[in-house]
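A quick write-up on the structure given underneath.
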Amino acid sequence: MTSKTSHSPKQSQRRKAGKPVSTASGHATAQSANGSRHAQIDVAADEFAFGRSAVGGPQSEVEPHDRVGGETALANDAELLHQPTGQHWSDLDWPVVIWIGLIHAAALVAPFYFTWSGLAIGVVLAWATGSLGVCLGYHRLLTHGSFSTTRAVKMFYAWMGGVSGEGSALHWVANHRKHHAFSDLEGDPHTPYDGGVWSHVLWMFPRRDPAELDAHCRRWAPDLYKDPGILFLHKTFLLWHFLIGAALLFTGAAVVDWRTGVSWLLWGLAMRMVYVFHVTWFVNSATHIWGYRNYETNDNSRNLWWVGLLAFGEGWHNNHHAFQRMAKHGHRWWEVDTTYWMIVAMEKLGLAWNVVKTPRGGRTTAA
1 MTSKTSHSPK QSQRRKAGKP VSTASGHATA QSANGSRHAQ IDVAADEFAF
51 GRSAVGGPQS EVEPHDRVGG ETALANDAEL LHQPTGQHWS DLDWPVVIWI
101 GLIHAAALVA PFYFTWSGLA IGVVLAWATG SLGVCLGYHR LLTHGSFSTT
151 RAVKMFYAWM GGVSGEGSAL HWVANHRKHH AFSDLEGDPH TPYDGGVWSH
201 VLWMFPRRDP AELDAHCRRW APDLYKDPGI LFLHKTFLLW HFLIGAALLF
251 TGAAVVDWRT GVSWLLWGLA MRMVYVFHVT WFVNSATHIW GYRNYETNDN
301 SRNLWWVGLL AFGEGWHNNH HAFQRMAKHG HRWWEVDTTY WMIVAMEKLG
351 LAWNVVKTPR GGRTTAA
């Protein structure tokens, strides 16, 4: 439920995809994918809730679904989901707000029910749902097609990504593909140019018209929109969390006692979900603000070491934006990418093939 797309109410006032604008102070240059124009993106220092940083650069590898159809199509796609009218409570998507709020509230209670077994369950499930589900499944497999696998494995990873709590694969993939198409331009669902907190979490809160959301998914994830298995997981998204929560609670109670059951529930569900939420959200926010750049991409993507470590290799974000289909996000020897290690293991076991290891043309991205 945390992946419905939205635009900041500030976006249309400042930036149009591929069109120059000007505001208060400072600027960064972002180039459109066809390489024919530049957009001067002016950013006032106080617009970054997490700090200020901006670098632009030339076009790099883009996906077939990215930045298609020229300038007019870009502008139309950027406005596919209209902006919320005003800042009223009725404009909020309350199911999403309540979902995120309840999970965080439960996580605050978890320390009062600490057990080592609960912590261990939380760590294992954070890795399984975060690294395997979100990073490997949702991101590298379903969004970018960084490797091929069997349908059974694909559906397993789609399910695992769903029980991370970050929303169904249909919504997540559609949002992320659009992010790449409009990275740090208007149309990007979560650019820090609209504020660090917006890009971290607030972008998920505005209420969306169901018809517009449906059109968004059909536009950006047509392959998943037609997949009956993906649609089943989309419709049963919440059910799996209740089943997992009940299993943790009653298994812990049966094996030890009720207090242990509550510990397993809070650490294995709420606390690990909050961890996976925020390390993923830091990829959206922090790695477009802080860090270093190996490549001059057409956005402000950056590599940030602590996000790289906490988010299972996803924090080497500039590398990823430069070569989006590459399965490996760490391009220097010290850029640890544990999710890629799992893809390598799958390849050796015959569970993954057609692994994209170099950019188009056979060039290496290792510095």
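Be aware that the sequence shown starts at 1, since it is given in the numbering used here, and climbs by one per residue.
All C-beta atoms, glycine included, are put in the ideal place defined by N, C-alpha and C.
Identity of the residues DSSP links to residue i by a beta bridge
i      : result
Trp159 : None, per the DSSP bridge assignment.
Pro206 : Leu92
Ser148 : Trp353
Trp316 : Asn303
Residue i vs residue j beta-carbon contact at 8 angstroms
i      : j      : result
Trp203 : His216 : no
Arg177 : Thr143 : yes
Asp337 : Pro206 : no
Ile103 : Gly187 : no
Gly196 : Ser285 : yes
Val173 : Leu213 : no
Val163 : Trp99  : no
Glu347 : Trp341 : no
Thr287 : Cys135 : no
Met155 : Gly229 : yes
Close-in-space but distant-in-sequence residues of the same chain around residue i (CB under 8 angstroms, 5 per side omitted)
i      : result
Asn294 : Asn303, Asn318, Asn319, Ala322, His331, Arg332, Thr365 and Ala367
Ala107 : Leu266, Ala270, Met271, Met273 and Val274
Ala128 : Met160
Thr251 : Gly261 and Trp264
Arg218 : Tyr225
Contacting residues, own chain, Cβ-Cβ under 7 angstroms from residue i (five flanking each side not counted)
i      : result
Asp299 : Ala30, Ser183, Asp184 and His321
Gly86  : Note on Gly86: pLDDT 43, under 50, position unreliable in the model; no value is reported.
Val97  : Phe205
Arg259 : Tyr113
Val153 : Leu351
His179 : Asp188, Pro189 and His190
Ala126 : Arg272, Tyr275 and Val276
Gly268 : Gly118, Ile121, Gly122, Leu125 and Leu248
Ala221 : Leu170, Val173, Ala174 and Arg177
Ala211 : none
Ala110 : Leu266, Trp267, Ala270 and Met271
Val201 : Trp281
Ile244 : Val163 and Leu269
Asp257 : none
Sequence-distant residues of its chain with Cβ nearer than 6 angstroms to residue i (five each side left out)
i      : result
Phe277 : none
Val356 : Ser146, Arg325, Met326 and Ala327
Val279 : Leu310 and Ala311
Gly291 : Arg302, Asn303 and Leu304
Ala253 : Gly261
Val255 : none
Phe282 : Val307
Ser263 : Tyr113, Thr115 and Gly118
Lys314 : First, the residue type needs correcting, since residue 314 is Glu and not Lys in the sequence shown. Taken in chain order, the residues that qualify are Cys135 and Val283.
Asp209 : none
His439 : With the chain represented from 1 up to 367, any question about residue 439 goes unanswered, as that position is not in the structure.
Leu238 : none
Gly133 : Met160, Gly161 and Ser164
Cβ-heavy atom distance, residue i to the ligand SAM, below 7 angstroms
i      : result
His241 : Inclusion of the ligand SAM in the displayed structure is not the case, the ligand content being empty and no account of it being possible.
So, do the region 153 to 160 and the region 220 to 236 have three or more beta carbon pairs nearer to each other than 8 angstroms? yes
For the region 116 to 123 and the region 131 to 139, state whether three or more C-beta atom pairs, one from each stretch, are separated by less than 8 angstroms. no
Quick one: which unbroken beta strand (DSSP E) runs of 3-plus residues sit fully inside the region 285 to 311? Chain order, please. none
Uninterrupted alpha helix (DSSP H) stretches inside the region 224 to 266 (no shorter than 4 residues): 228 to 235, 237 to 255 and 258 to 265
Every unbroken alpha helix (DSSP H) inside the region 94 to 119 [4 residues or more]: 94 to 109
Any alpha helix (DSSP H) of 4 or more consecutive residues that is wholly inside the region 178 to 206: 196 to 200
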